[in-house]
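Since the structure comes first, as C-alpha cells, the remarks are kept for the end.
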Amino acid sequence: MSILRPFLSRVIRQGRLTVVAPDGAHEVYGQSAPGFPDVTIRFTRRRGMRRIILDPRLGAAEAFMDGEMELVEGDIMDLVGLIRMNTPWDRGAKLRDKTWLGRRAEWVKTRISSINRRRQSRANVKHHYDIGNDLYRLFLDEDMQYSCAYWPRPDMTLEEAQVAKKAHIAAKLALAPGQRILDIGCGWGGMAITLAQLEAVDVLGITLSEEQLALARQRAEAAGVADRVQFELIDYRDLAAREAGRFDRIVSVGMFEHVGATNFETFFRAAANLMAADGVMLLHTIGRFGRPGATDAFTRKYIFPGGYIPALSETLAASEKSRLIATDIETLRLHYALTLRKWYARTLAHEAEIVARMGDRFFRMWCFYLAGATAAFESGGMGNYQIQFARSRHALPLTRDYMAEAERRYLRLDPAGGRVSA
96 MSILRPFLSR
106 VIRQGRLTVV
116 APDGAHEVYG
126 QSAPGFPDVT
136 IRFTRRRGMR
146 RIILDPRLGA
156 AEAFMDGEME
166 LVEGDIMDLV
176 GLIRMNTPWD
186 RGAKLRDKTW
196 LGRRAEWVKT
206 RISSINRRRQ
216 SRANVKHHYD
226 IGNDLYRLFL
236 DEDMQYSCAY
246 WPRPDMTLEE
256 AQVAKKAHIA
266 AKLALAPGQR
276 ILDIGCGWGG
286 MAITLAQLEA
296 VDVLGITLSE
306 EQLALARQRA
316 EAAGVADRVQ
326 FELIDYRDLA
336 AREAGRFDRI
346 VSVGMFEHVG
356 ATNFETFFRA
366 AANLMAADGV
376 MLLHTIGRFG
386 RPGATDAFTR
396 KYIFPGGYIP
406 ALSETLAASE
416 KSRLIATDIE
426 TLRLHYALTL
436 RKWYARTLAH
446 EAEIVARMGD
456 RFFRMWCFYL
466 AGATAAFESG
476 GMGNYQIQFA
486 RSRHALPLTR
496 DYMAEAERRY
506 LRLDPAGGRV
516 SA
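Counting in my numbering, the sequence shown runs from 96 upward without gaps.
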C-alpha cells in the first residue's frame with residue numbers, strides 16, 4: 096500500500112477514495128464532499144499497484160483492463176473523474192505523474208508516432224475504425240456521428256444534439272445551390288448526406304476506413320442522394336494533387352486529431368489548394384487548452400495510434416503558412432463531455448453484446464477510454480474548436496448574422512428534407 100500513498104495522498108482531497116490491497120489491508124484518501132464521488136477500488140494483484148506507480152495513466156488502464164484493479168464502489172467513470180476533479184486544469188492544477196524528463200519523453204514519442212506517412216495513416220485508421228461498424232452502432236446516435244455533439248439545451252437527446260451539431264456546422268459553411276463540397280474524414284457519411292439534404296449541393300466524402308466507406312455508400316443510396324454524394328477511399332494529400340481548386344467548401348469533423356503535429360502545415364496547404372479562390376472551410380476538432388503538449392501512452396497504444404490533440408496556437412500557426420484567413424472561431428467547452436457521457440451510458444447498456452463480440456478486456460478498455468475522455472473535457476485541458484477559414488476576405492458576409500439565420504432554417508428540415516415544425 097505504501098507505494099501508492101505518496102501519489103494518492105497528494106491528489107485526493109475532496110471525495111473519498113478507499114483502496115483495498117490484495118491482502119485485505121485498506122487505506123482511505125480524501126473526505127466525502129458534495130459533487131465529488133466516493134469510490135472504492137480493490138487490487139487483486141500487487142502487480143496492478145506497481146503498474147500505476149511506474150506509469151499512473153497507462154498503468155491504471157492496463158490494471159483495470161486485466162482485472163488487477165476492480166471497482167467495488169462506483170465505476171471507472173467515477174474513479175477517473177474523482178482524480179481529475181481534484182486536479183482541475185482551469186485552476187492550474189496538474190497530476191504531476193511524470194518528471195520533466197518523463198514529460199519530455201512523451202512529447203518526443205508523440206511527435207515520432209504522429210509522423211503519419213500515407214501507409215501509417217491507413218494502418219492507424221484501420222486500428223480504430225475498422226474494428227466493426229456493429230460496435231459503433233451500439234453506442235452512437237442513429238446517424239453514427241462519432242464526434243462532439245452540440246447542446247443548445249442540456250436536456251436534449253443524443254440524436255437531437257447531433258442533428259443540432261450538423262445544422263450548426265452547415266450554417267457556418269455558407270452553403271448555396273450548385274456548390275461542390277469536400278468532407279475530409281467523412282466517417283460513415285452522415286455529415287455529407289445531411290449537407291446534400293439541406294441544400295442542392297454535390298458532396299465528396301473521403302476516408303481511409305474501408306468499413307466506413309462501404310457503409311457510407313450504402314447509406315447514400317438508402318437516403319436517395321447517391322447521385323449527389325460520393326465517397327472515396329483516398330488520402331487528402333493524394334486528392335489535393337488531383338482536384339486542385341475544385342471545391343467551393345470543405346468540412347472536416349473529428350479528423351484533424353489524426354493528422355499529426357508534423358503534418359499540420361501539409362494539411363492546410365492541401366486544403367487551400369483544394370479550395371476555389373472564394374472557398375470556405377469549417378474545421379471541427381478536439382483542441383488542447385493552453386500550449387501544445389503530448390498524447391498520453393494509453394491513447395497512443397490502445398485508442399488512436401498516431402493521433403495528437405492540437406492546441407489552438409499551433410493550429411492557427413500552421414494555417415497561416417497557407418494564407419488561410421481564420422474568419423470565425425468558436426470554443427465548445429463542455430459539449431463533448433455531455434456527448435461522452437451519453438456514449439458511456441449506451442456502452443454500459445450494451446455490455447453483454449460488446450463482451451460477446453470483442454471480449455471482457457476490450458470492454459473494460461473502451462470504458463476506460465470513454466471515462467478518461469469525459470474527465471479530460473470536464474476537468475482537464477480539452478475542449479473543441481470550430482474554426483472557419485476563407486481564402487478570400489470577400490468570401491463571406493460582413494457579419495455573422497447569416498449563420499444564425501441558416502441554422503434556424505436547417506433545424507426546420509427533417510432528415511428527408513421536408514419541412515417540419517420549428
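Positions of the beta carbon are idealized from the N, C-alpha and C atoms, including for glycine.
Keep in mind it's a predicted model, so treat the numbers as computed, not measured.
Looking at the DSSP output, Gln-109 sits in a beta bridge with Gln-126. A Cβ-Cβ contact shorter than 8 Å links Ile-276 with Val-298. Distances from the alpha-carbon of Ile-98 to those of Glu-409, Gln-109, Met-144 put Met-144 closest. Checking the DSSP bridge columns, you'll see Asn-358 has no partner listed. Between Ala-406 and Ala-309, the alpha-carbon positions lie close to 33 Å from each other. Contact between the region 168–184 and the region 469–480 is present, with at least three C-beta pairs closer than 8 Å. In the DSSP assignment, Ser-347 forms a beta bridge with Leu-378. In the pairwise beta carbon analysis, the region 364–376 is classified as not touching the region 388–403: fewer than three pairs are separated by under 8 Å. Short of 7 Å from the beta carbon of Asp-150, and not among the five residues preceding or following it, lie these beta carbons of its own chain, in chain order: Ala-392. If you ignore the 5 residues before and after Leu-465, its C-beta comes within less than 8 Å of the C-beta of Met-172, Leu-435, Trp-438, Tyr-439, Thr-442, all in its own chain and listed in chain order. Of Ala-265, Gly-285, Gly-300, the smallest CA-CA separation from Asp-278 is found for Gly-300. If you draw a 10 Å sphere on the C-beta of Ile-148, you find fewer than 16 other C-beta atoms in it, and that means exposed.
Boundaries for Asn-228: no beta strand (DSSP E) harbours it, while the alpha helix (DSSP H) harbouring it runs 228–234, taken from the DSSP string. The three-state reading of DSSP puts Ile-178 in helix, counting H, G and I together. Looking from the CA of Thr-139, the closest CA among Gly-130, Met-164, Gln-313, Pro-272 belongs to Met-164. About 7 Å separates the beta carbons of Phe-326 and Ala-315, which is inside the 8 Å limit, making them a contact pair.
Boundaries of the alpha helix (DSSP H) around Ile-147: 141–149. Contact fails between the region 347–367 and the region 441–458, because fewer than three Cβ pairs, one in each stretch, are under 8 Å apart. At least 8 Å separates the beta-carbon of Cys-243 from that of Tyr-480. In the structure shown, the three-state DSSP call for Met-370 is strand. In the structure shown, the three-state DSSP call for Phe-384 is coil. The beta-carbon distance between Gly-388 and Asp-343, rounded to whole angstroms, is 35 Å. This is too long to meet the 8 Å contact definition.
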